[in-house]
Every structure is written in C-alpha cells, then in structure tokens.
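Step one of this worksheet: look at the structure below.
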Amino acid sequence: MNIAIVCYPTFGGSGVLATELGKALADKGHQIHFITYQQPVRLSHFHGNIFYHEVRVPTYPLFDYPPYETALSSMMVDVITNNHIQLLHVHYAIPHASAAYIAKQILAKQGIQIPVITTLHGTDITLVGRDKTYRPVVTFSMNESDILTAVSDNLKAETYKNFDIEKEIEVIHNFVDVTRFNKKPIDEFKKLIAPNGEKIIVHASNFRKIKRVEDVVKTFFLINEKIPAKLLLLGDGPERSAAEAEARKSPLVDNIKFLGKQEQMEDILPVADLFLLTSEYESFGLAALEALAAEVPVISTNAGGLPEIIINGYCGFMSEIGDVEDMSKNALHILQNKETHDLFKANALVQAKKFDIENIVPKYEELYQRLIK
Ligand code: GMT
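In numbering that gives the first Met the number 0, the protein residues as written are 0 to 372.
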C-alpha cells in the first residue's frame, strides 16, 4: 500500500509512535510518505520505502500567525496526487484532522477519493482539544474522518465524554519493538553513572506540567534517603528549570543528572533499575512501555490509560497522583530485595511482549485494508 502519515516530528509520544509505525510498515514493503515540518526524531536512517515531505510555511509581513494548517493541507494534496497515495493516516487531531478534511475535499473535486484515519493520542483530546478555542473544529474533523482510533480504552472513553462523537472509535494500543529495547546494558555507561553499584532510576518525558516532574525528584529523594541511587532525567521542556530548582533543594542533588533530549532510548533504558512516571494524565504512557520492554519495572501514577499497561504488584506499582510517599515505598519494595527486583524485571518483559510491534502493527494494516476496499 502507499500510505501518507502526518505527525508531529518531535520527541512526544504521538510522533514517536507514528514514526515507528511508518518504519514498521515500510519494513513490510509498504511505501510510506511522512508529511511534517521537520524530519521526525526517530527517522534517522535511510529506508528505500520511506519518503519525507517537509511542510514549509513562507513568512509574510501580514502573517502574525503563519498559516501552517493551510500549508499542510496543500502539501497533503500534492503528495497524495503525485505519489499514488491510497490513504492518509493523521496522528494527533490538532490540526492534522482538520487539515486532512480540507485536503480530502480538494481531492474529491479532482475525482480522487482519499480515506482518512485519525489516531487520537491524548492531549489532543484531554487538554488542548477540549478547550473551546479548538473544540468545534476538532469535533467536526473527528466526525469527518473515515476511521477514528484511540491509543487506549481510557482515551476512547475520554473522547466520548468530552466531544459529540457520532462514530465508533477503535482502540489500538501503543506498541514497542521489544527486540530493539531488550538489550544487554552497556557496562561502561552503567559504571560511569553508578560507579559504586547505586540503583539507577530513570524518568523520560517532555517536561510538561502534566508530567509532574517535581514529583519524580521528590520520590527519588525519598528513595535515596534509604538506598544509594542515581536519577537520570531524559528530555526537556517548560518544567525543567522547576524540576532543577526542586533538585537543588536537597544535599543529595549530585545524585541527579538532567541529560536533556536523547534519541537512543534503547541504549539508555537497559541500564535502569526502575522507571518513574508521575504524570497527572497519560492516555497510554509509551515511555513506560519502552521501559518494560527493556526489563525495567515501572513506578507510576494510576492516571488515564496507565492501568492498561502496568499490572499492579507484577511489573510495577501504581499510586494516586501526587502520592510521592507511596511511590517511593513501592520503589524501595522492588529495589531492596534482589529476588523481588529480578521477578519484576522478568514480568516487565512478559508484559511488554503483549504490546509487541508484531501484535499491534497488523491491526493498523487490517484497518487500512478495510478502508481501501
Ligand atoms: O506525553 C506527551 O506529552 C506527548 C504526547 C504526544 O501527544 O505526543 O503523548 C501522548 O501520546 C502517546 C502516544 O500515543 C501516549 O503514549 C502518551 O501517553 C500521550 N500523552 C498524554 O496523554 C499526556
């Protein structure tokens, strides 16, 4: 099949998922055309079946707000017309679903019928899309998509709760390529971070308010008061300086390293003993799934779709949002006993395999086949 994929190119989960999906489909022989404003972060290697089309928005003195959505629709029309594209799969509703609607209408006038799939990822529904600034357009364009998918049952329920949706939403969970993440840890790297065998705790996010990164720091300090440990924070975003300020309040600050944005998650995660995710909401929590695939138990909140991947007391523990005491207690329960830790690590891998790329990508292919027919 010839498929156009529209996504955000950044480190966020929706862009990562869309890129990994495109790469997996390309490996299966499909031709994939990415349309976005920058090369997607996880699209670093050449692949004969992958094409990348960059949306450029020319500046003009009149434009205080350059019209990205218009440029995007025009690019969709161009790519679809000139590359025998059979379907358009847009990730994250804003503004991709409405841009797809415009492109679909333009193409229909030219006698080209292009089916549109919109995949909802999380904040496009639970945070940004709900705002009245966007809601009418988001609602309309979701209803106009030929197929709507959500990445968890929780996100499906949230979408029905917050929007007047007239069609069925199909749930296709996030996935991970377990073989890529389940690697032996790089010993020199591990020794560099934890020279005295300290436990390595990792958090990765885009440091937005919704992630409550300060809770990661607080939880870590409670753990570190009891056992030698190091915290690696991966990613960057608006709340990084607040998290750094929180870290500097403690004499244990030197045990925390802010590593910034990192592309090679599959090299870093395997050195971790535990993954911390303290979010106020996660539609799914792809970062937690990648940790499980690297055999790293997860301590998280029980927000949103996280209970769909973390089995409490099996591959990790979930606590109420903000309950840093409970999160640290659970972390210590896992880390202080080698047998328990080994068991949770083994279970993490078993759990991750349920969401392996091999099980999930065919679900998208089935949808595509259905639409094209
Ligand atoms: O987590 C973020 O803030 C990034 C965000 C995005 O839209 O890129 O991630 C969302 O999509 C991921 C992939 O489907 C999900 O795994 C994340 O849970 C979801 N984030 C939120 O719902 C906050």
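From the three backbone atoms N, C-alpha and C, an ideal C-beta is built for every residue, glycine too. Small disclaimer: the values here were computed from a predicted structure and weren't measured.
Which of the three DSSP states, helix, strand or coil, is assigned to residue i?
i    : result
K108 : helix
K328 : helix
G259 : strand
A293 : coil
H90  : strand
S140 : helix
S97  : helix
A149 : strand
I116 : strand
Y133 : coil
L251 : coil
N81  : helix
M0   : coil
K155 : helix
V127 : coil
K103 : helix
K362 : helix
Using the Cα positions of residue i and residue j, report the straight-line distance between them to the nearest angstrom.
i    : j    : result
G389 : T138 : Here the chain comprises residues numbered 0 to 372, so residue 389 is not present and cannot be evaluated.
Q335 : E294 : 17 Å
K131 : D123 : 13 Å
I34  : L291 : 30 Å
I222 : P184 : 23 Å
L273 : V297 : 6 Å
L106 : V360 : 28 Å
E143 : Y100 : 7 Å
H172 : H88  : 16 Å
K373 : Q109 : Nothing in the structure corresponds to residue 373, since the chain is present only between 0 and 372.
I226 : L342 : 20 Å
H29  : N1   : 6 Å
I320 : E53  : 39 Å
G236 : R207 : 6 Å
S240 : I84  : 44 Å
S278 : M264 : 19 Å
G392 : N153 : Residue 392 is absent from the model: the chain starts at 0 and stops at 372.
V40  : L20  : 13 Å
K362 : E289 : 20 Å
A156 : L275 : 26 Å
K198 : H44  : 33 Å
E357 : D176 : 8 Å
Within this structure, are the beta carbons of residue i and residue j separated by less than 7 Å?
i    : j    : result
V76  : A3   : no
L233 : A193 : no
I93  : I116 : no
V56  : K217 : no
Y280 : I209 : yes
K103 : I113 : yes
A244 : V212 : no
V136 : S97  : yes
L230 : I267 : no
T158 : I168 : yes
E260 : F10  : According to the sequence shown, residue 260 is Lys rather than Glu. Contact flag set, yes.
T118 : T148 : yes
I308 : S299 : no
Tell me the start and end of each unbroken beta strand (DSSP E) in the segment 158-241 that is at least 3 residues and wholly inside, in chain order. Fully contained in the segment 158-241 are the following beta strand (DSSP E) runs of length 3 or more, in chain order: 168-170, 198-203 and 228-233.
Review point. What are the uninterrupted segments assigned as alpha helix (DSSP H) that are 4 or more residues long and contained completely in the segment 2-76, given in chain order?
Key: For the alpha helix (DSSP H) assignment, the uninterrupted runs of no fewer than 4 residues enclosed by the segment 2-76 are, from N- to C-terminal side, 12-26.
Exercise for review: Any chance you could list the residues with Cβ under 6 Å from a heavy atom of the ligand GMT, keeping chain order?
Suggested key: Here the list is G11, G12, S13, G14, L16, Y91, H120, G121, T122, V150, N173, N205, R207, I209, Y280, E281, S282, F283, G284 and L285.
Secondary structure, alpha helix (DSSP H): runs of 4+ residues fully inside the segment 330-358: Counting whole runs of 4 or more residues, the segment 330-358 contains the alpha helix (DSSP H) stretches 337-352.
Item checked: Runs of beta strand (DSSP E) lying entirely within the segment 268-322, each at least 3 residues, in chain order -> List check, beta strand (DSSP E) in window: 273-276, 297-300 and 315-318.
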